[in-house]
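This report concerns only the one structure given below.
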Amino acid sequence: MLKFILRRALLMIPQLILLSLIIFMLSKAMPGDAVTGAFMSNPNVSPEQVEKIREKLGLNDPWYEQYGRWIGKAVQGDFGQSYVHKQPVTSLLAGRIENTVLLSLFTAIVIYLLAIPLGIVAGRWTDTWADKMIVTYNYFAFATPLFIFALLMLFLFSFILGWFPIGGSGNIRIDPGSWEYIVDRAKHLFLPVMSGALIGTYGTIQYLRNDIIDQKIKDYVKTARSKGVPEGKVYTRHILRNSLLPIAAFLGYEITGLISGSIFIESIYSYPGLGQLFLQSIAQRDFTVVTALVMVSGAAVIIGTLLSDIILSIVDPRIRIE
Amino acid sequence: MTNPVIDEKKLIAQEKLNNPSLLRTIWREIMHDKMALGSLILFTIIVLSAYISPLFVDQTALTRVNFLNVWKPPSLDNWVGTDDGGRDVFGQLMIGTRNSLTIGVAVTLIAGLIGLTYGLISGYYGGAADNVMMRILEFLMVLPSLMFIIVFVTIVPNYNVFTFILIMSIFAWFGKARLIRSRALQERELDYINASKTLGTPSFKIMFFEMFPNLSSLVIVNMTLTLANNIGIETGLTFLGFGLPAGTPSLGTLISFARNPDIIKNKWWVWLPAALLILVMMLCINYVGQAVKRASDARQRLA
């Protein structure tokens, strides 16, 4: 067990190094660096002065020196300065990360709250009208692109019906900590979370339904039935224990989807999180922020996959045998 | 007394009836499933009108800015109104559909080719080569690809439609490679591959001319389903402003008008038809794709 976890964790290190190298190369390839971005439009700064600033910032050093410097600081949580926002990237991210984590967390919770009961119903009562409806819903969830669904939700519930605010994360005039504040935040979160969750259920429902259908005819279930275990208990005590455990482990894999989803959702609901910051920084050529964001997201996915693999190996020992 | 004549033609015909080709099975499956048939017809209509209508529409008139005709709601002259430059939205819808479809198909084909080659090589050789190739693939699959595509789009010099297709294809083949590799691993253990190896057939010939035909149904199913996905990603990227260059309108270009709150609510005819059209296309392609998937697996067939 420990051996597997260690081996799996060691595999993560070359992945992280490779990721950081690729991201660093990309950041070097971006047209115009931070200096040109910050000073080119300023006619009072001469090319010689720009060159001087570059030298001072170490932008003329060989790439491996720059990489070493960048990764050394990044490990300590220092991603440099944002030249557009004039503040350290780390504090810029810290101000936004709460919003994105909140959004992703609630989206994941709603996905599971919806998908697990629906998957169980569809798997237990196969080919009934309930199953058919769930399968149809799941088919829509699979086929609909996230950004279109989010736009339609925004159009319908915020603009036509006016039930929810059209964007942002909260009213800044309301005193944080009060009940009003929580209600206001919840109102701003509701649509973004629902847009992501309603069509994010696909994988879980599909997996659960298929797995329950497979488990239903297995010998241990037949044994339980022939012993006279009530049908309800066959499901809750016997089948679900086997079917639900892998789902808990899939959470780490979901991170990839949540990250790319947050880019669309945050852009559509003008929700001030990391996804929106990423798009703004790309548009403003603020490359220190872009590289930091891609690095953080990549690392989050790598660590999420690691956690999923480990949890999965704990619940399902067959995976460990290689 | 006459010898019983063996009718060669009849035998072949009987043989064909007993072993229908994949295309015939797909057709039977679609004809059986009314929703799939409806989807196929609707999708064909959309595709035909998208590719044929630009032949009859004056494209320069479509891109000409007319300030007297700005933001007109749907009318008889302009079926779905006009946009910020007085251009007809319906015409743009058709051209956008054509561009989105062409790019979706191109990305699917290129990514399919890369994934197929990678998966076949990895699965055919197995062992150490497979191990290394799978570790690389595992790494690629954990990359936040949407972010990478956006970064690539911004840093590539002389960015145009072809570079966009290429960038998208680079990030679209991972799943396919893994799928094909797992099937190729099973296939390489079979006798016909071993027989070919013993006869000294070159490896690439075994892979592409002997192994690939046996995986073709898998590839076709996967390609139909990823086509919808690729169209979704392309329009999504164009919506965010990192897709097709400004000169080439896509359905995403029309939807990107919806980033302005005033347009979402008061000028809905500019973005809503494009959004609904994408939705309808996705549902159609997926429905047909599901039928194709069932046809390729005898246990799932309905017909």
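Those protein sequences? They're chains S and C, same order as listed. First residue of the first sequence? That's 51 in the working numbering, and the numbers climb one at a time after it. First residue of the second sequence? That's 1016 in the working numbering, and the numbers climb one at a time after it. Just so you know, even glycine gets a beta-carbon here, dropped at the ideal spot from N, CA and C. This one's a predicted model, so the numbers in the text were calculated from it and none came from an experiment.
Status (buried if at least 16 other CB within 10 Å, exposed otherwise) for residue i
i, result
"V1234 of chain C", "buried"
"N149 of chain S", "buried"
"P1088 of chain C", "exposed"
"R380 of chain S", "Outside the shown range of chain S (51 to 372) lies residue 380 of chain S, about which nothing can therefore be said."
"K1191 of chain C", "buried"
"K1282 of chain C", "buried"
"R291 of chain S", "exposed"
"K53 of chain S", "exposed"
"E372 of chain S", "Note on E372 of chain S: pLDDT 49, under 50, position unreliable in the model; no value is reported."
"F1219 of chain C", "exposed"
"M51 of chain S", "exposed"
"K1308 of chain C", "buried"
"I198 of chain S", "buried"
"M174 of chain S", "The question names Met, but residue 174 of chain S in the sequence shown is Arg. Per the 10 Å Cβ criterion, buried."
"E1044 of chain C", "buried"
"R119 of chain S", "exposed"
"M203 of chain S", "buried"
"L1055 of chain C", "buried"
Min CB distance residue i to chain C below 8 angstroms
i, result
"F129 of chain S", "no"
"E372 of chain S", "With a pLDDT of 49 at E372 of chain S, under the threshold of 50, the modelled position of this residue cannot be trusted, and the question is left open."
"Y187 of chain S", "no"
"M75 of chain S", "no"
"F314 of chain S", "yes"
"M51 of chain S", "no"
"S132 of chain S", "no"
"I124 of chain S", "Before going on, a small fix: residue 124 of chain S reads as Ala here, not Ile. False, the Cβ-Cβ gap to chain C never drops below 8 angstroms."
"L68 of chain S", "yes"
"V340 of chain S", "yes"
"A59 of chain S", "no"
"G216 of chain S", "Sequence check: residue 216 of chain S is Ile here, not Gly. Taking Cβ atoms only, chain C reaches closer than 8 angstroms to I216 of chain S, which makes this a yes."
"Q116 of chain S", "no"
8 angstroms Cβ cutoff, residue i in contact with chain S
i, result
"K1280 of chain C", "yes"
"I1061 of chain C", "no"
"A1028 of chain C", "no"
"V1147 of chain C", "no"
"M1297 of chain C", "yes"
"L1317 of chain C", "no"
"I1293 of chain C", "yes"
"L1255 of chain C", "yes"
"P1260 of chain C", "no"
"T1250 of chain C", "yes"
"N1301 of chain C", "yes"
"M1238 of chain C", "no"
"A1051 of chain C", "no"
"A1273 of chain C", "yes"
Residue closest to residue i, alpha-carbon to alpha-carbon, out of the options
i, options, result
"T1178 of chain C", "C:S1036, C:I1118, C:L1255", "C:I1118"
"F1066 of chain C", "C:S1271, C:N1114, C:A1199, C:Q1029", "Per the sequence presented here, residue 1066 of chain C reads as Tyr, with Phe not at that position. Minimum Cα distance to Y1066 of chain C is reached at C:N1114."
"M75 of chain S", "C:E1044, C:P1089, C:V1166, C:G1267", "C:V1166"
"S363 of chain S", "S:L295, S:N110, S:I305", "S:L295"
"L68 of chain S", "S:E105, S:L329, S:F54, S:I121", "S:I121"
"A1310 of chain C", "C:E1030, C:S1036, C:D1022", "C:S1036"
"S132 of chain S", "S:T355, S:D336, S:R368, S:G354", "S:D336"
"F1272 of chain C", "S:W175, S:F205, S:R57, S:Y231", "S:F205"
"A350 of chain S", "S:G118, S:I305, S:T338, S:Q330", "S:I305"
"I184 of chain S", "S:T251, S:K53, S:G227", "S:T251"
"T1112 of chain C", "C:R1316, C:T1253, C:R1314", "C:T1253"
"A193 of chain S", "C:Q1315, C:Y1302, C:R1314, C:S1090", "C:Y1302"
"S1232 of chain C", "C:M1162, C:I1208, C:L1255, C:L1194", "C:L1194"
"Q153 of chain S", "S:L324, S:D269, S:I289", "For the record, residue 153 of chain S in the displayed sequence is Leu; it is not Gln. Closest option to L153 of chain S, Cα to Cα, is S:L324."
"F328 of chain S", "C:L1161, C:D1022, C:I1180", "C:L1161"
"D128 of chain S", "S:L142, S:V134, S:I216, S:H135", "S:L142"
Whole-Å CB distance - residue i paired with residue j, under 8 angstroms assumed
i, j, result
"A1243 of chain C", "L1108 of chain C", "Actually they do not touch by this definition, with Cβ atoms about 19 angstroms apart."
"G246 of chain S", "I315 of chain S", "6 angstroms"
"T157 of chain S", "V284 of chain S", "About 32 angstroms separates the two Cβ atoms, so there is no contact after all."
"K266 of chain S", "I289 of chain S", "7 angstroms"
"S219 of chain S", "Y321 of chain S", "6 angstroms"
Residue i: CB within 7 angstroms of a non-hydrogen atom of the ligand SAM
i, result
"K78 of chain S", "With respect to the ligand SAM, the structure shown offers nothing to examine, as it has no ligands at all."
Closer than 8 angstroms, Cβ to any Cβ of chain C: which residues of the segment 224–245 of chain S, in chain order? none
Can you pull out the residues from the segment 1166–1194 of chain C whose beta carbon lies closer than 8 angstroms to at least one beta carbon of chain S? V1166, F1167, T1169, I1170, P1172
Where the segment 342–354 of chain S meets chain C: residues whose CB sits under 9 angstroms from a CB there: Answer in chain order: L343, V344, S347, G348, A350, V351, I352, G354.
Taking only beta carbons into account, state which residues of the segment 1126–1160 of chain C come closer than 9 angstroms to chain S, listed in chain order. R1150, E1153, F1154, M1156, V1157, L1158, P1159, S1160
Select from the segment 322–333 of chain S all residues with a C-beta closer than 7 angstroms to any C-beta belonging to chain C, and list them in chain order. For the segment 322–333 of chain S, the beta-carbon criterion of a distance under 7 angstroms to any beta-carbon of chain C is satisfied by F328, L329, I332.
Residues, ordered as in the chain, of the segment 184–210 of chain S that lie near chain C by beta-carbon distance below 9 angstroms: Identification of residues in the segment 184–210 of chain S having a C-beta nearer than 9 angstroms to some C-beta of chain C yields Y189, F190, F192, A193, T194, P195, L196, F197, I198, F199, L201, L202, L204, F205, S208, F209, I210, given in sequence order.
What are the residues in the segment 291–311 of chain S lying within 8 angstroms of chain C by C-beta distance? Against chain C - using a Cβ distance shorter than 8 angstroms - the residues of the segment 291–311 of chain S are T306, I309, S310.
In chain order, what residues of the segment 1098–1120 of chain C put their CB closer than 8 angstroms to some CB of chain S? Result list empty, no residue passes.
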